[in-house]
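So the protein lines, in turn, are chains U and X. Per full-length UniProt numbering, the first sequence runs over residues 1 to 389. Per full-length UniProt numbering, the second sequence runs over residues 1 to 389. For reference, the structure discussed in these notes is given below.
Protein chains: 2
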Amino acid sequence: MHRAYAAIEAGFDTFLDDLVMLTEVPAPPFGEAARGEAFKTRIAACGMDTVTVDAVGNVVALRRGTGRGKVAIAAHLDTVFPAGTDVTVRREGTRLYAPGVGDDTRGLAAILAVARALDAADVRTEADLLVVADVGEEGLGDLRGVRHLFEAGEHAGTIDAFFSFDGSDMEKLVTGGIGSLRYRIVFRGPGGHSFIDFGRVNPSNALGAVVAELARTPVPDEPRTTFSSSVLGGGSSINAIPEEVFVEVDLRSADPGPLADLDARLRRLVAQAVEEENGRARLSAGMLTAEIVPIGNRPAAPLRENGRVIDETRAAHLEFGFSPRVTASSTDANVPLALDIPSVTLGSGPGAGGVHTLGEWVDVERDGSVRALKAGLSAVLRVAGIAAG
Amino acid sequence: MHRAYAAIEAGFDTFLDDLVMLTEVPAPPFGEAARGEAFKTRIAACGMDTVTVDAVGNVVALRRGTGRGKVAIAAHLDTVFPAGTDVTVRREGTRLYAPGVGDDTRGLAAILAVARALDAADVRTEADLLVVADVGEEGLGDLRGVRHLFEAGEHAGTIDAFFSFDGSDMEKLVTGGIGSLRYRIVFRGPGGHSFIDFGRVNPSNALGAVVAELARTPVPDEPRTTFSSSVLGGGSSINAIPEEVFVEVDLRSADPGPLADLDARLRRLVAQAVEEENGRARLSAGMLTAEIVPIGNRPAAPLRENGRVIDETRAAHLEFGFSPRVTASSTDANVPLALDIPSVTLGSGPGAGGVHTLGEWVDVERDGSVRALKAGLSAVLRVAGIAAG
Numbered sequence: 001m002h003r004a005y006a007a008i009e010a011g012f013d014t015f016l017d018d019l020v021m022l023t024e025v026p027a028p029p030f031g032e033a034a035r036g037e038a039f040k041t042r043i044a045a046c047g048m049d050t051v052t053v054d055a056v057g058n059v060v061a062l063r064r065g066t067g068r069g070k071v072a073i074a075a076h077l078d079t080v081f082p083a084g085t086d087v088t089v090r091r092e093g094t095r096l097y098a099p100g101v102g103d104d105t106r107g108l109a110a111i112l113a114v115a116r117a118l119d120a121a122d123v124r125t126e127a128d129l130l131v132v133a134d135v136g137e138e139g140l141g142d143l144r145g146v147r148h149l150f151e152a153g154e155h156a157g158t159i160d161a162f163f164s165f166d167g168s169d170m171e172k173l174v175t176g177g178i179g180s181l182r183y184r185i186v187f188r189g190p191g192g193h194s195f196i197d198f199g200r201v202n203p204s205n206a207l208g209a210v211v212a213e214l215a216r217t218p219v220p221d222e223p224r225t226t227f228s229s230s231v232l233g234g235g236s237s238i239n240a241i242p243e244e245v246f247v248e249v250d251l252r253s254a255d256p257g258p259l260a261d262l263d264a265r266l267r268r269l270v271a272q273a274v275e276e277e278n279g280r281a282r283l284s285a286g287m288l289t290a291e292i293v294p295i296g297n298r299p300a301a302p303l304r305e306n307g308r309v310i311d312e313t314r315a316a317h318l319e320f321g322f323s324p325r326v327t328a329s330s331t332d333a334n335v336p337l338a339l340d341i342p343s344v345t346l347g348s349g350p351g352a353g354g355v356h357t358l359g360e361w362v363d364v365e366r367d368g369s370v371r372a373l374k375a376g377l378s379a380v381l382r383v384a385g386i387a388a389g
Numbered sequence: 001m002h003r004a005y006a007a008i009e010a011g012f013d014t015f016l017d018d019l020v021m022l023t024e025v026p027a028p029p030f031g032e033a034a035r036g037e038a039f040k041t042r043i044a045a046c047g048m049d050t051v052t053v054d055a056v057g058n059v060v061a062l063r064r065g066t067g068r069g070k071v072a073i074a075a076h077l078d079t080v081f082p083a084g085t086d087v088t089v090r091r092e093g094t095r096l097y098a099p100g101v102g103d104d105t106r107g108l109a110a111i112l113a114v115a116r117a118l119d120a121a122d123v124r125t126e127a128d129l130l131v132v133a134d135v136g137e138e139g140l141g142d143l144r145g146v147r148h149l150f151e152a153g154e155h156a157g158t159i160d161a162f163f164s165f166d167g168s169d170m171e172k173l174v175t176g177g178i179g180s181l182r183y184r185i186v187f188r189g190p191g192g193h194s195f196i197d198f199g200r201v202n203p204s205n206a207l208g209a210v211v212a213e214l215a216r217t218p219v220p221d222e223p224r225t226t227f228s229s230s231v232l233g234g235g236s237s238i239n240a241i242p243e244e245v246f247v248e249v250d251l252r253s254a255d256p257g258p259l260a261d262l263d264a265r266l267r268r269l270v271a272q273a274v275e276e277e278n279g280r281a282r283l284s285a286g287m288l289t290a291e292i293v294p295i296g297n298r299p300a301a302p303l304r305e306n307g308r309v310i311d312e313t314r315a316a317h318l319e320f321g322f323s324p325r326v327t328a329s330s331t332d333a334n335v336p337l338a339l340d341i342p343s344v345t346l347g348s349g350p351g352a353g354g355v356h357t358l359g360e361w362v363d364v365e366r367d368g369s370v371r372a373l374k375a376g377l378s379a380v381l382r383v384a385g386i387a388a389g
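Have a look at this one:
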């Protein structure tokens, strides 16, 4: 254990090199392959037994343990920034500035640091260790990387615990998954002239009714449950009844029950709005229809307060001066948490800002950064177990 | 009178030349100056007393009468087609094809034909004749040409009757004005994260309530009164509560009363929706506001069945084989009709299609075209009166 901690200290400059190098390989949504290759080269040098790229683009490296069980440690390859974004890293004092440097490139560098320290210190774990750089965590990626890992990939059904290194708040452990359902609801009709064809169905009317009624939906404060009608569009001219309009709706909850209730209500509101508009219109030119197009679906998982993985992770943090509390968020851990696989999303280091903006930065001040990496390593070793040497 | 009719026949080829030439001078919305100059050159050759271009770009030519009164004959310079549209005229059989050839370039050629025939036949009218090629009839032009003519220009307050040569249905006389009010309603709030900031005002919610309630508004069938929520937009991300959304709303009626009622209801609905959303939200980050931005305002005027100008115009049409009925529409005549100035919008010739499309055409078959021009000339002379020769 102490040799491994010493290896974290000795490897800190390599951690920083990894962080800068990986940040400067663009990884836009659905374009993570180049960064995956860069990660693969580095993890392959950490004494893994196998390193593969799976069907969806996750880099998956296996380090065999001496006994039973399998613990996965993951960070996500993708950033929110589109192709063409300048991802050059700039250093000012102890800060590194670049889009994506914190979310989640520092997580990628952290799991490399953990794997490299185990290799350098020649520490064997009891459980197998699976180091995963996954795709599709952000936005429309819709957790497709971890979804494949747990539902379809080679290791599906065999992972006993999951750590996601993602975030910069060392005082928080994410042990609940905020679930979300996202839809683009498209309303269509025959269109027509606003004056001459008045009386035909108007898709905007149904859109308005859905949005207005959704806004009147009571939702619980605990577990926190929310809705938002956001991007709207459609219609071609002030002179014309629209042929097509759409609204994008985001539903979220920390608990699957209220999320399912909200989902059912939204579907009922769409059906009612279509019925109302068709009921008052002259239908000879055509009826109103609505299509509910799913554009996101992240499973909710109730917040866990305790359990072996949570308790050991908390203890590991306390060991290095952090006092985290548990919270729910939307991370890669949503998928295993919803499958009842003990999972925690933990910080990759203290201090960051401007997440999801071009001004994103992380603080790589040595003391805090090293303590965070040691806490992560400690959590992994506590859960995976150290083989008698 | 007969000499003037003979001049229409003799000048038919010149009418066609005018039509082709004027069609080929582009006149996009708010870009009518070049076509105005071309019209000015031609009307100046028709023996007018004065020819001027007024402050908004209308070409206004005065031909003095021998007695009292003033009769205006108008057509509009502007087309709906943007700058850069190919306006080359193509002839197939008796059809001329080109964007804008019918709406309203044939009207411009018709008022030139009437003026030229009076000059050629040396017919003096009792009333002054005002020949007007006006700007801004279409769309966002919002009738600004005739508005200036009747409300601010040199001849404001002195015009006793108004003819608009616009349209291709010789079986219709427009004697009522469909009024319209058009708004872009913009809803604004502080925005925020869809999950973290849930509870803040969401501008989409208020937009939805306005559109849904407007859709439930009872409106009379007679006078025909309509509303349409058309172009929608706003919101930046499914992740974010929008900072700004908008909807464009079109209200119309053949009568000023129901139009004013509908307008008042819309304003009430906007106020109520803002109040509802602010009433249920957490306002610490900011309140919802709504701005009702006018983007169109055409006065309504009730349909007239009879009156000297209508009766004489009908008689003139019957004289040349047309049997028009009266109807309401949205034309340049809305403005004088709303001021109680006897006004008729009449066809510039029979046969046209593809109005407001790139495939627009008019039929210039000689017999029907000549009868239509004679009917127009006859209507003008019946109303203006022929001075004893």
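A virtual CB, placed ideally from N, CA and C, is assigned to each residue, including glycine.
The three-state reading of DSSP puts Thr-14/X in helix, counting H, G and I together. Check the Cα spacing between Arg-188/U and each of Val-201/U, Gly-385/U and Gly-177/U: the tightest is with Val-201/U. Spanning the alpha carbons of Ala-4/U and Ala-55/U requires a straight line of approximately 33 Å.
Taking the Cα of Met-170/U as reference, the smallest distance to any Cα among Ala-387/U, Asp-363/U and Gly-385/U is reached at Asp-363/U. Annotation for Gly-153/X: Asp-54 place their beta carbon closer than 6 Å to its own, counting only its chain and skipping 5 residues before and after.
Apart from sequence neighbours up to five positions away, the residues of its chain that approach Ala-7/X with a beta-carbon distance below 6 Å are Ala-117, Ala-120 and Ala-121, ordered along the chain. A Cβ-Cβ contact shorter than 8 Å links Leu-259/U with Ala-300/U.
For Gly-233/U, the chain X residues whose Cβ falls inside 7 Å of its Cβ are Leu-232 and Gly-233, in order along the chain.
Around Glu-248/U, the beta-carbon contacts reaching into chain X at under 8 Å are Gly-235 and Ile-238. From the listed residues Ile-295/U, Ala-206/U and Ala-72/U, the smallest Cα separation to Thr-158/U is found for Ala-72/U. About 7 Å separates the beta carbon of Met-21/X from that of Ala-38/X, a gap short enough to meet the 8 Å contact definition. Uninterrupted alpha helix (DSSP H) stretches at least 4 residues long and entirely within the region 118-184 of chain X occur at 144-151, given in chain order. A distance below 6 Å between beta-carbons, with the five flanking residues on each side excluded, links Glu-277/X to the following residues of its chain, in chain order: Val-201, Asn-205, Ala-206 and Leu-288. Contact annotation, Ile-238/U with Arg-182/X: C-beta distance approximately 5 Å; criterion of less than 8 Å satisfied. DSSP links Ala-352/U through a beta bridge to Val-362/U.
Beta-bridge partners assigned by DSSP to Thr-225/X: Ser-253/X. In the DSSP assignment, the residues bridged to Gly-233/U are Phe-246/U and Gly-233/X. Within the region 259-317 of chain U, the runs of beta strand (DSSP E) that reach at least 3 residues and sit entirely inside it are, in chain order, 289-298. Looking from the CA of Val-59/X, the closest CA among Leu-373/X, Gly-279/X, Gly-359/X and Ala-133/X belongs to Ala-133/X.
By the Cβ rule, the region 218-237 of chain U counts as touching the region 229-237 of chain X, because three or more pairs are nearer than 8 Å. For Thr-226/U, a Cβ of chain X is located within less than 8 Å of the residue's own Cβ. Of the other Cβ atoms in all chains shown, fewer than 16 fall within 10 Å of the Cβ of Pro-218/X; this residue is therefore exposed. Between Leu-143/X and Glu-137/X, the beta carbon gap of about 6 Å places them in contact (Cβ cut-off 8 Å). Within the region 155-180 of chain U, contact with chain X at the beta-carbon level (separation under 9 Å) is assigned to Ile-178 and Ser-180. If you ignore the 5 residues before and after Ala-156/U, its C-beta comes within less than 6 Å of the C-beta of Phe-150, all in its own chain and listed in chain order. The way I'd put it, the region 76-93 of chain U does touch the region 27-38 of chain U; three or more beta-carbon pairs between them come closer than 8 Å. When only Cα atoms are considered, Ser-369/U and Pro-203/X end up about 42 Å apart. In terms of Cβ geometry, Gly-102/X and Val-335/X do not form a close pair [threshold 8 Å].
Annotated three-state conformation of Gly-192/X is strand, per DSSP. In the three-state scheme derived from DSSP, where H, G and I count as helix and E and B as strand, Ile-238/U is classed as coil. For the region 6-72 of chain X, the full-length beta strand (DSSP E) segments reaching 3 residues or more read 50-53 and 59-63 along the chain. As DSSP reads the structure, Ala-328/X sits in a beta bridge with Gly-176/X. Among the CB atoms of chain X, none fall inside 8 Å of the CB of Ala-333/U.
CA-to-CA, the gap between Thr-125/U and Val-247/U works out to about 50 Å.
For Pro-324/X against Lys-172/X, the beta-carbon gap comes to about 6 Å, under 8 Å, which counts as contact. Of all residues in the region 246-271 of chain X, only Phe-246, Val-247, Glu-248, Val-249, Asp-250 and Arg-252 place a beta-carbon less than 9 Å from a beta-carbon of chain U.
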